[in-house]
Every structure is written in structure tokens, then in C-alpha cells.
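Protein chains in written order, with my numbering: chain A, 1290 to 1505; chain B, 1290 to 1505; chain C, 1290 to 1505; chain D, 1290 to 1505.
By construction, the Cβ of each residue, glycine as well, lies at the ideal position given by its N, Cα and C atoms.
Note that this is a predicted model, so its numbers are computed, not measured.
Below: one structure, written as C-alpha cells.
Protein chains: 4
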Amino acid sequence: MATSKHAGGRPREQRVDTAIAAAVRAVIGESGYAGLTVDAVAATAGVGKASIYRRYATKQEMTFAVLLHDLREESPADTGTLHGDLSALTEQIAEQLRGPGAGTLTGLLADIRADPELRTRFAETFLAVERGIITTLLDRAITRGELTHRPDAALVQALLLGPLFAWLIVLDEDSARATELAHLVATVATNALTANLLPTETWSTPVTAPDAVPGR
Amino acid sequence: MATSKHAGGRPREQRVDTAIAAAVRAVIGESGYAGLTVDAVAATAGVGKASIYRRYATKQEMTFAVLLHDLREESPADTGTLHGDLSALTEQIAEQLRGPGAGTLTGLLADIRADPELRTRFAETFLAVERGIITTLLDRAITRGELTHRPDAALVQALLLGPLFAWLIVLDEDSARATELAHLVATVATNALTANLLPTETWSTPVTAPDAVPGR
Amino acid sequence: MATSKHAGGRPREQRVDTAIAAAVRAVIGESGYAGLTVDAVAATAGVGKASIYRRYATKQEMTFAVLLHDLREESPADTGTLHGDLSALTEQIAEQLRGPGAGTLTGLLADIRADPELRTRFAETFLAVERGIITTLLDRAITRGELTHRPDAALVQALLLGPLFAWLIVLDEDSARATELAHLVATVATNALTANLLPTETWSTPVTAPDAVPGR
Amino acid sequence: MATSKHAGGRPREQRVDTAIAAAVRAVIGESGYAGLTVDAVAATAGVGKASIYRRYATKQEMTFAVLLHDLREESPADTGTLHGDLSALTEQIAEQLRGPGAGTLTGLLADIRADPELRTRFAETFLAVERGIITTLLDRAITRGELTHRPDAALVQALLLGPLFAWLIVLDEDSARATELAHLVATVATNALTANLLPTETWSTPVTAPDAVPGR
DNA sequence: ATATAAGCGAGACGGTACGTCACGTCTTTGT
DNA sequence: ACAAAGACGTGACGTACCGTCTCGCTTATAT
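So, in C-alpha cells, the structure goes:
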């Protein structure tokens, strides 16, 4: 059994993909998200514009692919307690948000919102994955007996992600204190969950594709 | 001493200001934030481009002025309890975020982040006001005896604003449930505050003047 | 009666028109017709590309307008004899063909042929004018009694223009001898005309409307 | 001694040459000379682009080779009179010019003029051959006693080729009348020649290689 | 028989030019 | 002096072609 044999014609060079990704990051580092032009990326990467547009339909898609590739969520380790799990997750989120920088993230988010296709892909490949992690984590707590039932994961996600996002992106506060905030958020959320403040998911409002999550 | 006497020449028509503001909203409603061009605004408003640029230095400034004028925070009413006050505030925040739509807010936020001057004005005229409200609210709770000391307002702001922002803007969840989330957030925050989970503001991190940090 | 009053808005600057025309000629002189790019013209003229495209829909239209403006036919002087008139005309044609250079003319001609609209304009503004001159000239000869009837002007045009075009453009022969050839052509044509070798225009074949030809 | 033995490796398939030639003509017929792209030719021919570039260095060379292969001049038959010979030649020229269509010829001519190498080859393989034919024809007339001396062949060529070229290519007149014009041109040229209007070739201005012609 | 060499379709590659669009400025005519 | 209209220089966008290259494969001759 073969895996995608290569139909014919010259295969895409991985070197080009690498160069594009590096160039995107370099140009953003140099000129910011606003100064990110396709020509600049092509020039920096030593690559033709056509090679970029052969891979990505628009500049936004390119940026999305390059920048969000780094942000891929990893499966959370079991720390033994709900608070520990939540703490690990919020720390990871803080880490990810800190990376690209506030300016980049707002620009990227705006671009994602403007393009319906990107929006869907963002929801599916990023938000849904994170939500899946949260679900896993909550189920573990139920198994342990820390929780009696599973609350709405979307609300939990908002409670966890929101404060960190606000701190780093909206308020533009000191990123050094993000870890501190991460722990605070984890504690607050743990309290809320164990106090049964959150309703269960009764209205079924999945981000996009709930079935695509657990199988992963 | 008179206030802005009008030095000479034809005075500006207020009609033009109104038309611009209306046109900005109309164009965004029609074509989204991405389709918001100065030419489109001028044409829709029946106004020359020069009249726009006589008022605002850049397109971003125009958008900022028009869209964030509505969002001016109002002084909070004293509901008698900390939880009531927080609930009123989060509801107000939810209301404001629901208004312009997610696409508009992300775009606007990106533009604000890209322009240092706008960033400062955003922090001063919006974030700082909101933070002031929070401070007022916390002081009231201390007076009532609900709190023993005043925790860091920036952290409180992140905890209150964040989940709503995430829900409406990042996760793009059902805006009808925003009120529900607002109450949840208020409750969670009240619990955290009364449990003394938040540290007091020891590092002095004002929103408006990061350069005022004493370490300098 | 006024001549196109200027409806409103900033008027086109004639300086730009002039600069574009000069730049087109400069770039062709520098890099040949093949090296004539819109960007080069814009840069040389110190003009934005948009200002070029505001005037001309395509590069070809620009080239057409600039290069064929010089070639405008002037009304022929009456020399007193048919041979003298023809000689003056062929000399003028030779002069015009010699000007832009063979490479430019072939390129321009190819572009004109490729665009139906340009083709029509070329026929109307250039070929038809030249043919009108020929008609005038023949009528004069009839008045003088040198000719008994007016032969088909299209055939005369082919006989006069053709050899010079072939010599300079197709065969790329010595342009210094073009004047000699012009006189020869005039003499040969005079002989043919006075010998009544050419038929009268019976089929009605206007330059501008070739589709009206019945034989098709 | 063998002719090009084939050093090793797979020999070129003649099928490919044929397919390319057919495709060039097909694409021109479909999209005109302007729409003649190498990719289109390759796709139409069912051939890789590399196979085209293995045969021709540039697109222009390909076009040249394919389109001018048909136009090869054939040796003229002796009709017994100068006028008959000239008539046969002009008819043949008219036939050749009628074939590819005006748009194609102007485009091709422009490309030939732009490339020095093609220009040389065009002069040598096409113009010089035609001039050789004219020379032969004139010599025959001298032998017959119709002419007393041999006039400049380049001038004769211009007189013969020019009007037909102008009629079909520049003026874009009815190609059905080209034969009529061919006879007219032959008559006019015969008159001019027998009237000794043309000078002999005193300045020696061969197209390219005069010695390469007669020996054939 | 097998190695060597080149041709083959397919299509990716770096470049270059095209024509479009938006920005923020400037210049006209009116009021 | 402000207003509407719209031209101006700048610069990025996404598309199209050119001529080159690299794949995996096929087809000849040379050993």
C-alpha cells in the first residue's frame, strides 16, 4: 500500500515550503504584520511569487498556514488533579499566545475572520482541537470523582482562553506575568467547576465538527 | 476665555461629520470591515475624500473615531452588592461587544495595534476608563466590607473582559448566550475576589503609561 | 458654444501626458519596442502607473496614441502635376516610415492587428486620412485633364505605400535610399495611372468597413 | 560517411514534431497570434514543454520554423515572357501572404525583427531566395532581349512584394482581390522595367549573402 | 542481457510584466 | 476657507507566460 504516490510531473520542493515559512516569520519580525507583503516574502525566501501562489490561494492563507502551524495543540498530560490539568493547559495557552506577538495575532485573527474558508479551517484545526483537549480533561476529572457531570466545554474554553487573550492581546499587559495569570485562571476555573457553577451542554453548540475531535 | 472661537473662513459642516459616521457603518454593514475603503465611505456619504482627511489623518483613525464613539463606557450604578455591580458591568461589556460584530472588532483591533498612536488612545480612552470603573467598583466593595483589600484591577479586567471577548470574537459562539456567560463570569469573579485569590497591585502596571514604570 | 468645460474635480495635468509620451519614446530608444514596459514608462516619466492607465486602457493603446500622434498626415500641397503630387506624397510616407524605426513599426503594427478596437482606430485615423489625400490628389489630376477617370484609391494606396513599407520594414534595406525609391514609386505609379491600368472603384471597399465587401 | 549516426539514447519522435506544428497552427486559429503561448501549444499537442524547447530555443524560433516552413519559395517556371514570369511570381507571393492571415504575419514579423538571429535567418532563407528568383527571372528577360541590363533586384522586390503586403497586411483589404492586384503589380512592374526606369545595382546592397544565392 | 544515454509527459521553479485597487495628497471649481 | 470631485504618486495584489529544471518512465544503441 502506497501513500500518495506522486502522480507525475516535478514534485514540489520541500525546500521552498521551508523557505517560505522562514521568510514569513523573518518579514514579520522585520516589518511587522502590516509590512508582510508577498513580494517581500518571495524575495526573502529566494522564491518566485508563483511558487507561493501555487501553494496558497491568498496571502492570508499563506500566513495562516505558516503561523498557525506552530500553534498546534499538543495532547495534555495527566497531572493527577483537575487543577493541575487546567494549570498545564493555561500555561500552554499562555505560551502559544506569547509567541507570535500581539500585533501578529490581531492581524492574523482579523484576516481569519474576513475569510469564511479560513474561519472554518481555524475553527476546525485549532479551536476544535483545544476544545477536545478540554473535554478530555473534564472527563478525566469526572472519572476521578472531582466533577459529577461534564459542563459545557465551550464555556470552559472561554473562561480559560479569554483572560489570557485579553491580558496579552487586548490589554497588552506585561507578558512576563502571563504565567501568573495562567495559574490564577486555572484556580478560578477549578473553583467554578467544582462548585458546579457551569451548566451542562444542553444546547449542543459545537464549534464546528464535534465528531472530528475524539477520534484524534 | 472663549472655547474654539473659529479663526476665520468657512466653518466645518456638522452634516459632513454625521454623514461620514453613517457611511462608515453602512459600508461595513454592506461589505464588511475588509471592504471598508475611504472612497466607498466618501461616495456613500456624498462627501469628498478631502473632507474625510481634513478630519482624520488616516482611515484607521476615522474608523476608530466612528466605531468607538458608541462604545463609551458609562459610569456604573451601585447595585448594592459586588456581585450585582460585576454583573451589571459584564452585561454592559457583552452588550458593547455584541454590537459591531466580530469581524469589525477584530479588524479594528488589528488596526489599533498596528498604529502606536491609536494604541495609546485606545488604552487611554477605553481600557483605562473601563479599568477606572472596575477600581471604583472594587473600592465600593471594600467600603461595604465585601473585600478586605483592593486586588490588581488589570487582572480583574482580564478576568471579566476576557471570557466575553473570547466567546464572541475568538470562538464566534452564539451571541444570544452572551448574557448567560456575562452572569457566569460575574459569579466566578465574585467568588475569586471574595476568596482573596487575587494579589494586590504591587507592581504598578498602568494601562496608559507603560513608560512611567519607576524602574527607569 | 463651449468646448468640454471640465465637469468638476482636479483636471488632468498636461504635464503627465507630455511626460508619458516622452518616456515612451525614450524607453523605446533605450530598450527597443520589446523592452517597452509600463513600469519603465511610468518610472522614466516620473508618473504613477495609475495615471497611465487612467488615460489608456492597455499598454498597446498608450503606444498607439503616443507613436501615431507624430505620424499624422498633413494635407498635400498642389505641385501642379500628378507626378509632382505623388512624389511629394511618397516622400512624406518615406519620411514617416523612417522615423520610428523598423522594429518599432512592426511591433506596433502587430499590436494594432491584435486588438480590434485599435485596428478600427488605425484604419479610421490613419489609413483613411491617407486615402483621402490620395483621392484629393487624383481628383486634382482629373481636373487638370491628366486623368480621365478616378481609379480605385485603395489600389493606388497599395502601390504607393507598399514598396516603401517593404523596403524599410520587411526587407530592412538602406533607409538612405528611401527617397530614391519614393521618386521611383511616384514615377511608376504616374505611368500606371496615365496608362489607365487601374480600374475604377466599382466594388466599394472602404478602409473602415471591410466587412461591407460584397465578395466575402 | 554516414549522416548523423545517432550517438546513443532514445531518438526524437517525429510524431512530436508533427504534433507541435499542428498545435501551433491550431492555437493560432483558435486564439490568434497573441494567444499563442508555449503552454497552450504543449497542451494542444499533448506534449511536454521540454520537448518543445528541446527543438526550439525560444517560442519565436518555434513559430518561425513552423509557420515559415510552408512559405518556402519554389523555383519559378519560365512562362516565355517577362510579364508572364512576374505575374506568376506575384500570384505566388499573394498566395503565400494570404495563407497565414494578416494578424499572424504581423506578429511573426515583429518577433523576427526583435531577434537578430531570426532576422538573419529570415533574410537568408526567405528574402534572399525570393530575390534570387527575381534575379533569375530578370536574367531570363535579358536573354530574351526584353531588357538591356539587369536592374537592382532589391528595388524590384520592393515593387513586387510591397503592394501585395500593403494590401493584405497593412490595409487589410479584401484578400479575394489579391490576385487582381498581383496582375496589376506585374503589369506595372513590367512597364517600369521595360521603360528602363530602374537603375542597375551599382551600390551592391545584397540582403545578406549574394554569393549564397546563385550557386543553388 | 544489461548498461548507458537520451527522449518523453507532466508540472514545479525563479523571474518579469501585466492591469487593478486602495491609500493619502493635491488641485481644480463652486459657495 | 470649506465643500465635492477627481487626478496624482506609491506600492501591493493576484495572474499569466517565459524558459529551465526535475521527476519517473520509455526506447533506442553499445557493450
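Give me the Cα-Cα distance between V1474 of chain A and A1484 of chain A, rounded to the nearest whole angstrom. So the two alpha carbons sit approximately 15 Å from each other.
A1296 of chain A, buried or exposed, once every other Cβ within 10 Å from all chains shown has been counted against 16: Counting the other CB atoms within 10 Å of its CB gives A1296 of chain A a total below 16, which places it among the exposed residues.
Within-8 Å CB hit, G1392 of chain D to chain C: By this cut-off, G1392 of chain D is an interface position.
Hey, out of C:A1417, C:E1435, C:G1298, C:A1312, whose CA is closest to A1447 of chain C's CA? Out of C:A1417, C:E1435, C:G1298, C:A1312, C:A1417 has the C-alpha closest to the C-alpha of A1447 of chain C.
Suppose you measure from the CA of A1310 of chain D to the CA of A1443 of chain C; what does that come to, to the nearest Å? Going by the C-alpha atoms only, they are around 35 Å apart.
DSSP has T1489 of chain D in a bridge; who is on the other side? T1489 of chain D is bridged to D:P1440.
Of all the options A:G1390, A:G1392, A:E1435, A:A1467, which has the alpha carbon lying nearest to the alpha carbon of G1373 of chain A? Nearest C-alpha to G1373 of chain A among A:G1390, A:G1392, A:E1435, A:A1467: A:E1435.
Going by CA-CA distance only, name the one from C:L1470, C:E1380, C:L1486, C:R1387 that's closest to V1445 of chain D. Residue C:L1470 is the option with its Cα nearest to V1445 of chain D.
Does the pairing of the segment 1408-1416 of chain C with the segment 1404-1411 of chain D give three or more beta-carbon distances under 8 Å? With a cut-off of 8 Å, the segment 1404-1411 of chain D and the segment 1408-1416 of chain C do not count as touching, because too few Cβ pairs lie within range.
N-terminal and C-terminal residue of the alpha helix (DSSP H) that P1405 of chain A is part of: For P1405 of chain A, the enclosing alpha helix (DSSP H) stretches over residues 1405-1411.
Cut-off 8 Å between Cβ atoms - residues of its own chain near I1423 of chain B, not counting five sequence neighbours on either side: For I1423 of chain B, same chain residues with a beta-carbon under 8 Å away, outside a window of 5 residues either side, are L1378, A1442, V1445, Q1446, L1449 in chain order.
Would you identify the three-state DSSP class for R1429 of chain A, choosing helix, strand or coil? Looking at R1429 of chain A - three-state DSSP - the assignment turns out to be helix.
Residue from C:A1366, C:G1324, C:R1343 with nearest C-alpha to E1302 of chain C: Answer by Cα proximity: C:R1343.
Run the CB neighbour count on S1364 of chain A, radius 10 Å, all protein chains shown included, and call it buried at 16 or more, exposed below. Per the 10 Å Cβ criterion, exposed.
Could you round the C-beta distance between L1486 of chain C and V1477 of chain D to whole angstroms and report it? I think they count as a contact, below 8 Å. Under the criterion of beta carbons closer than 8 Å, L1486 of chain C and V1477 of chain D qualify as touching, at roughly 6 Å.
Tell me which residues share the same chain as V1355 of chain D and place their Cβ nearer than 6 Å to its Cβ, disregarding the 5 neighbours each side in the sequence. Take V1355 of chain D, set aside five residues on each side of it, and the residues of its chain with a beta-carbon closer than 6 Å to its own are A1310, V1313, in chain order.
According to DSSP, is T1307 of chain A helix, strand or coil? T1307 of chain A falls in the helix class under three-state DSSP.
So, under 8 Å CB-CB, L1386 of chain A and L1453 of chain A are touching, yes? Tell me the CB distance rounded to an integer number of Å. Confirmed, Cβ separation roughly 6 Å.
Chain B residues whose Cβ lies nearer than 7 Å to that of R1387 of chain A: Here the premise fails: no neighbours, minimum Cβ distance about 14 Å.
Cβ neighbour criterion (16 or more within 10 Å) applied to T1393 of chain B: When all chains shown are included, T1393 of chain B counts as buried.
Cβ distance (whole Å) where V1305 of chain C is taken to contact S1340 of chain C below 8 Å: Indeed they touch by this definition, with Cβ atoms about 5 Å apart.
Going by beta-carbon coordinates alone, are L1482 of chain A and P1440 of chain A separated by less than 8 Å? Yes, the Cβ-Cβ distance between L1482 of chain A and P1440 of chain A is below 8 Å.
Which ranges does the alpha helix (DSSP H) cover as unbroken runs of at least 4 residues, wholly within the segment 1303-1384 of chain C, from first to last along the chain? Taken in chain order, the unbroken stretches of alpha helix (DSSP H) that lie wholly in the segment 1303-1384 of chain C and span 4 residues or more are 1303-1320, 1327-1334, 1338-1344, 1348-1359.
Could you name the residues of chain B that T1476 of chain A contacts, counting a contact when the two beta carbons are closer than 7 Å? Against chain B, the beta carbon of T1476 of chain A has neighbours under 7 Å at L1486, listed in chain order.
Are the CB atoms of A1391 of chain B and D1463 of chain B within a distance shorter than 8 Å? Not in contact: D1463 of chain B and A1391 of chain B (Cβ atoms no closer than 8 Å).
Backbone secondary structure at H1472 of chain A - three-state DSSP: H1472 of chain A falls in the helix class under three-state DSSP.
For P1300 of chain A, which residues in chain B fall below 7 Å Cβ to Cβ? In chain order: nothing, as chain B lies at least about 35 Å away.
So which residues of chain C does A1323 of chain D contact, with C-beta pairs closer than 8 Å? By Cβ distance, chain C contributes A1403.
With a 10 Å radius around its C-beta and 16 neighbouring C-beta atoms as the bar for buried, classify D1328 of chain B as buried or exposed. D1328 of chain B is exposed by the Cβ-count criterion.
Between the CA atoms of R1402 of chain D and Q1349 of chain D - distance to the nearest angstrom: Answer to the nearest angstrom: the Cα atoms are 11 Å apart.
So, for P1488 of chain B: in the same chain, excluding its five sequence neighbours on each side, which residues have a beta-carbon less than 8 Å away from its beta-carbon? For P1488 of chain B, where only same-chain residues beyond five positions count, the Cβ hits under 8 Å are P1440, D1441, L1444.
With 16 other CB atoms within 10 Å as the buried threshold, where does T1352 of chain C fall? Buried: at least 16 other Cβ atoms inside 10 Å.
Whose Cβ in chain D lies nearer than 7 Å to the Cβ of V1355 of chain C? Those within 7 Å of V1355 of chain C in chain D number zero; the least Cβ separation is about 17 Å.
Short CB-CB distance (under 8 Å) between A1447 of chain A and chain B: Proximity of A1447 of chain A to chain B, defined by a Cβ-Cβ separation below 8 Å, is satisfied.
Tell me whether the beta-carbon of G1335 of chain C lies closer than 8 Å to the beta-carbon of A1308 of chain C. Inclusion of G1335 of chain C and A1308 of chain C in the CB contact set at 8 Å is warranted, their separation being smaller than that value.
Are any of the Cβ atoms in chain B nearer than 8 Å to that of A1443 of chain A? At least one chain B Cβ lies under 8 Å of A1443 of chain A.
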